[in-house]
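Working notes for the structure below.
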Amino acid sequence: MEIPAIVGAGLIVIGAGMGIGRIGGSAMEAIARQPEASGKIQTAMIIAAALIEGIGFAALFAV
Amino acid sequence: MQIKRFGFFAFLLAFSISRLAFASDDHEAHGDHDEPADKGIKEQIEEVKDHHLKDSHSFHLWGDHANGTSVEFPLPVILWDGELHFFRSSEFHHNENQVVESKGSYFRLYHSKIYKTDAEGTIHYDEEHHATNERPLDFSITKTVFSTILVGLLMLWLFGSVAKRYKKDLVPRGIAKFMEPLVILVRDDIARPNIGEKDYKRFMPYLLTVFFFIWIANLIGQTPLGINITGNIAVTLGLALITFFITQFSGKKDYWAHIFWMPGVPYLMRVVLMPIELLGLFVKPFSLMIRLYANILAGHVVIMSIIGLIFVFGAWGAKGAFFGLTFFLSIIELLVAFLQAYIFTMLSALYFGSAVEEHDEHH
C-alpha cells in the first residue's frame, strides 16, 4: 500500500508544531526567570520559530 | 484613553463588516445566474477565493460582469513578442472568448493568462489539456503591479512628509510622531544588534524600506479591495533576491572563508562543509521567499474560507459565530502582517551581519 505524500507533510507539520511549542514554552520559562532579558529572548524566540516555520511551509509546498 | 481604545475596536469591527459586505456582494451577484441559489455554493465560494488570490489584468472592486453590476477599472496590457503591443484590459470584456487584435496579432485570455492565437481564438492543447499556444512576454500593469506602485507612492508621500517635518523641527509632530518609534525599532532592535555598531548605518536604508514596504503591503492586503501583493510569490522572490545580492556583495573576506574553507575545523571536515555552506547560501533567500508568501497566502485563504462559511450555514447563530471568527482572525492577521515584516527585516539583518562580520580570533 502506498502512503500518500500528504501524510508525510502532516507528520512534518506535527514536528514543526512541537518544535515551535517547545521554543515558546522555553522562552516563557526564561522570561519568568529573567524578566529584564525579555526583549532579547523574544527576538531569539521569533528567529528560531521562523526558521522552523520555514521547514513546515516547505513540506506543505512539496505536496 | 478608554474612548481611543473603543474607537480602535469599532474601527476593526467596521472593517470586518465592510469586508463581509464586499464578499456578500460577490456572492449575490454570482447567485443571479440561472442556477438555483443554494446549488453550487461551494463552487461559488471557491471561485471568489481564486479570483481574490490570483493576479488579474483588471482591478475588480465588486459586482458581477454577467449582469452589468460590475464596478472595476481597466489596467494597461503591455505585451512583447518581437514588437510592442499596448491596449487596455477592458478590450477583453472579461470574456475569455474575446479575441483582441493588435498590430496584426491576435491575443486571448485563457485561465487569466494571455495567449497568442489566430483570428478565431483557437487554443491548442497537449494530452494533459494544457494550452500549447505561444505566450507573449507579459509586461502588463496587472492588479499586483498596480498596487505595488500604489504602495510605493504612498511610502514616498509618507516619508517625504515625515522628512520635511524633521527639517523644520527635530521634535516629531503629526505622522512623524507615529513613524519615529517604528524607525527606532528597526534601528535599535533589528539593525544594531545583528549587524554591529560599525556597519549598521550602511544597511539602514534597505532595512527600513523593506520593513515598511512589506508591512504596508500586508496591511493593504487586509482591506476589502482584494489586493494580494505579498501573497504573490513573484513579489517575495524579488524581495528575497535583493537581500541575497546585498549579502553577497557586502561579504568580506571572513564571510567567504567561512563558506569555502571553514577555519578551525579538521581539513576533511572543510571539504564536507563547503557544499553544505554553498547550499545554505541559496536556502536562506529561498526560505525568506517561501515564509512571507506562504504566511500571507495562508492568512488570506483562511479568512476567505471563514467568510465563505457564513454563506454555507443558514442558521443565524452559525452566521454570527463565523462573523465573530472573521473578526478575530482579522485581528490575528493584523498581528501577522507586522510580524512577517519584522521577521523578514530581522533575518535580512542577520544575513548582512554574517556577511560583514570580522573575526579577530580563530576558533
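Residue numbers (the numbering used here), protein chains in the order written: chain W, 471 to 533; chain V, 420 to 782.
Here a beta-carbon is modelled for each residue, glycine too, at the ideal position from N, C-alpha and C.
One Cα belongs to A514/W, the other to F622/V, and the distance between them is close to 21 Å. Three or more Cβ pairs closer than 8 Å define a contact, and the segment 579 to 592 of chain V falls short of that threshold against the segment 473 to 490 of chain W.
Not a single CB atom of chain W sits nearer than 9 Å to the CB of R611/V. Here the C-alpha atom of D500/V lies approximately 5 Å from the C-alpha atom of P555/V.
Below the 8 Å Cβ cutoff, chain V contributes no neighbours of A497/W, its closest Cβ being approximately 15 Å away. Around I516/W, the beta-carbon contacts reaching into chain V at under 9 Å are L758, Y761, I762, M765.
Taking every protein chain shown into account, the CB of M765/V has 16 or more other CB atoms within 10 angstroms, so this residue is buried.
Look at the segment 524 to 579 of chain V and you find no whole run of alpha helix (DSSP H) that is 4 residues long or longer.
Contact with chain V is found for G524/W, since one of that chain's Cβ atoms lies less than 9 Å from the residue's Cβ. Within the segment 540 to 574 of chain V, no residue has a Cβ lying closer than 8 Å to any Cβ of chain W.
Excluding sequence positions up to five before and after N637/V, its CB lies within less than 7 Å of the CB of T649, I715, A756, Q759, A760, all in the same chain and listed in chain order. Counting only residues of its own chain and dropping the five nearest sequence neighbours on each side, V602/V has a CB closer than 8 Å to the CB of L627. Just measuring C-alpha positions, the residue of Y686/V, W675/V, A659/V sitting nearest S773/V is W675/V. C-alpha of T536/V to C-alpha of I560/V: approximately 21 Å in a straight line. Straight across, the Cα-Cα distance linking A528/W with L769/V is about 21 Å.
When DSSP states are grouped into helix, strand and coil, V721/V belongs to the helix group. Boundaries of the alpha helix (DSSP H) around H471/V: 460 to 472.
Judged by DSSP in its simplified three-state form, S477/V adopts strand. Assignment of E499/W by DSSP, reduced to helix, strand and coil, places it in the helix class. Taking I511/W as the centre and dropping the five residues before and after it, the same chain places the C-beta of A497, A500, I501 closer than 7 Å to its C-beta, in chain order. Here L711/V really is in contact with I633/V; their C-beta atoms are around 7 Å apart, less than 8 Å. Straight through space, the alpha carbons of G670/V and Y686/V are spaced by roughly 23 Å.
Measuring C-alpha to C-alpha distances from L530/W to each of A717/V, K617/V, V518/V identifies A717/V as the nearest. Bridge partners of E520/V according to DSSP: Y525/V. As DSSP reads the structure, L503/V sits in a beta bridge with W499/V. Counting only residues of its own chain and dropping the five nearest sequence neighbours on each side, F663/V has a CB closer than 7 Å to the CB of P704. Taking the CA atoms as reference points, T541/V sits about 20 Å from H504/V.
Within the segment 611 to 640 of chain V, the alpha helix (DSSP H) runs of at least 4 residues that lie entirely inside it are, in chain order, 611 to 614. Residue-level contact check: I709/V touches chain W, since one or more beta carbons of chain W fall below 9 Å from its beta carbon.
No residue range can be given for E472/W, since it is assigned to no alpha helix (DSSP H) and is classified by DSSP as neither H nor E.
One finds nothing in chain W with a Cβ atom closer than 9 Å to the Cβ of S489/V; even the nearest lies about 34 Å away.
Distance check between G739/V and each of L480/V, I750/V, I751/V, I726/V places I726/V closest, using alpha-carbon atoms only. Interface criterion met: the Cβ of A713/V is under 9 Å from a Cβ in chain W. Taking 4 residues as the minimum length, the alpha helix (DSSP H) runs contained wholly in the segment 656 to 692 of chain V are 672 to 679, in order along the chain. No Cβ of chain V is located within less than 9 Å of the beta carbon of G494/W. Put simply, of V721/V, M693/V, W576/V the residue whose alpha carbon is nearest the alpha carbon of S749/V is V721/V.
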